[in-house]
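**Q** Let me begin by handing over the structure; questions about it come next.
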Amino acid sequence: MIFVNDIWSLTGIPEWLGHTDANEDGMGFSDVIFPLFLFIVGLSIPLAINVRIQKNESKNSILLHILGRTAALLIMGFYMVNYGVIYDANMPIDKNVWQIIMALGIFLIWMDYKRLPILNKRTVLSLKAVGVILLLCLAWIYKGGGPEITTGMQIRWWGILGLIGWAYLLNSMVYLYLGKKCGWWY
Numbered sequence: 035m036i037f038v039n040d041i042w043s044l045t046g047i048p049e050w051l052g053h054t055d056a057n058e059d060g061m062g063f064s065d066v067i068f069p070l071f072l073f074i075v076g077l078s079i080p081l082a083i084n085v086r087i088q089k090n091e092s093k094n095s096i097l098l099h100i101l102g103r104t105a106a107l108l109i110m111g112f113y114m115v116n117y118g119v120i121y122d123a124n125m126p127i128d129k130n131v132w133q134i135i136m137a138l139g140i141f142l143i144w145m146d147y148k149r150l151p152i153l154n155k156r157t158v159l160s161l162k163a164v165g166v167i168l169l170l171c172l173a174w175i176y177k178g179g180g181p182e183i184t185t186g187m188q189i190r191w192w193g194i195l196g197l198i199g200w201a202y203l204l205n206s207m208v209y210l211y212l213g214k215k216c217g218w219w220y
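No gaps in the numbering here: position 138 of the sequence shown is 172 in my numbering, and each next residue is one more.
The structure is reproduced here in C-alpha cells:
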C-alpha cells in the first residue's frame, strides 16, 4: 500500500500503475490494492478470533481487543487525514515536523513492547503516556483550513486506515457474535 500511495509523486511511470481519475470508467493497479487489502484483512479475522477462543479468552476480552485495534486505526486515520489539510502559515511548527511528531506519538502508543523485554511495565506505560501527550499537543496546535478560515482538527473522512478500521470492526463483530450460527464459516 505504501508503494501505490506514493505513485502519484513519480513521473514517467506507466499510466496503468496509477489511480484512475474519478471521472473515468476503469481501474488502475493502484485502485485494486485497497480492496485486496480489505479482503486479506477479512480472511484473517476468523483465524485471529478462533485462536483467541482456543486460548479460552472470553468474548468480552476479544471485544475489548477488537475495539482497541479499531480505535487505533481510526485515530491514526484521523490524524493522517488532518495532516493533509494543515495550513502551514498558521502553524507554530512546520507541517513536516508535525507529521514526524505524529508518527512518533503513534509508534509510542501502539508499538508492541512485548518484543522489548528489557522494558518494565512502568516504562512501557510512561512511553505510551508520552505518545498520548504528543498526539494531544499536536491536536492543540493544529491549524487547518486556509488564510480566511482557520479550523482545528475535524472528521473529514477517516482515511484509508480509518476505512480499514471500520471494516475490521463490522466484520469482527459479525464473526464474533454470529460465527457459529453461520455454519458455512466453519
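Ideal placement from N, C-alpha and C gives every residue a C-beta, glycine not left out.
Quick check on this structure: which residue in 42, 208, 209, 202 has the alpha carbon closest to the alpha carbon of residue 72?
**A** Ranking the options by Cα distance to residue 72, first place goes to 202.
**Q** I'd like to know whether the C-beta of residue 181 is nearer than 8 Å to at least one C-beta of chain C.
**A** Absent here is chain C; the protein component of the structure consists of one chain.
**Q** Put residue 62 into one of helix, strand or coil per three-state DSSP.
**A** Reduced to three states, the DSSP call for residue 62 is coil.
**Q** Going by the DSSP bridge assignment, what does residue 185 pair with across the sheet?
**A** Beta-bridge pairing links residue 185 to 178.
**Q** For residue 209, collect the residues of the same chain with a Cβ closer than 8 Å to its Cβ; drop the 5 residues on either side in sequence, then sort them by chain order.
**A** Cβ within range, chain order: 79, 80, 83, 219.
**Q** Sort 197, 85, 110 by Cα distance to residue 135 and report the nearest one.
**A** Per the Cα distances, 110.
**Q** For residue 181, which of 61, 66, 124 has the nearest alpha-carbon?
**A** If we check each option's Cα against that of residue 181, 124 comes out closest.
**Q** Kindly provide the ranges of any beta strand (DSSP E) runs that are 3 or more residues long and lie completely inside the stretch 58 to 104, ordered along the chain.
**A** With a minimum length of 3 residues, no continuous beta strand (DSSP E) run stays inside the stretch 58 to 104.
**Q** If contact is defined by three or more beta carbon pairs under 8 Å, each pair taking one atom from either stretch, is the stretch 99 to 113 in contact with the stretch 178 to 197?
**A** Enough Cβ pairs lie closer than 8 Å, so yes.
**Q** Rounded to whole angstroms, what's the CA-CA distance from residue 65 to residue 155? Just pull it up for me.
**A** So the alpha carbons of these two residues sit roughly 42 Å apart.
**Q** Determine whether the beta carbon atoms of residue 198 and residue 101 lie at a separation below 8 Å.
**A** The answer is no: Cβ separation not under 8 Å.
**Q** Using a 10 Å radius around the Cβ and a threshold of 16 neighbouring Cβ atoms, would you call residue 132 buried or exposed?
**A** Looking at its Cβ environment, which holds 16 or more other Cβ atoms inside 10 Å, residue 132 is buried.
**Q** Hey, out of 207, 164, 187, whose CA is closest to residue 118's CA?
**A** Minimum Cα distance to residue 118 is reached at 187.
**Q** Do you know whose CA, among 185, 90, 157, 140, lies nearest residue 167's CA?
**A** Here the closest residue by C-alpha is 140.
**Q** Residue 68 and residue 51 - do their beta-carbons sit closer together than 8 Å?
**A** No; because the gap between Cβ atoms is not below 8 Å, this pair is not in contact.
**Q** Count the other CB atoms, across all protein chains shown, that sit within 10 Å of the CB of residue 94; report buried if there are 16 or more and exposed otherwise.
**A** So residue 94 ends up on the exposed side.
**Q** Where do the ends of the alpha helix (DSSP H) carrying residue 193 lie?
**A** Element bounds for residue 193: 193 to 212.
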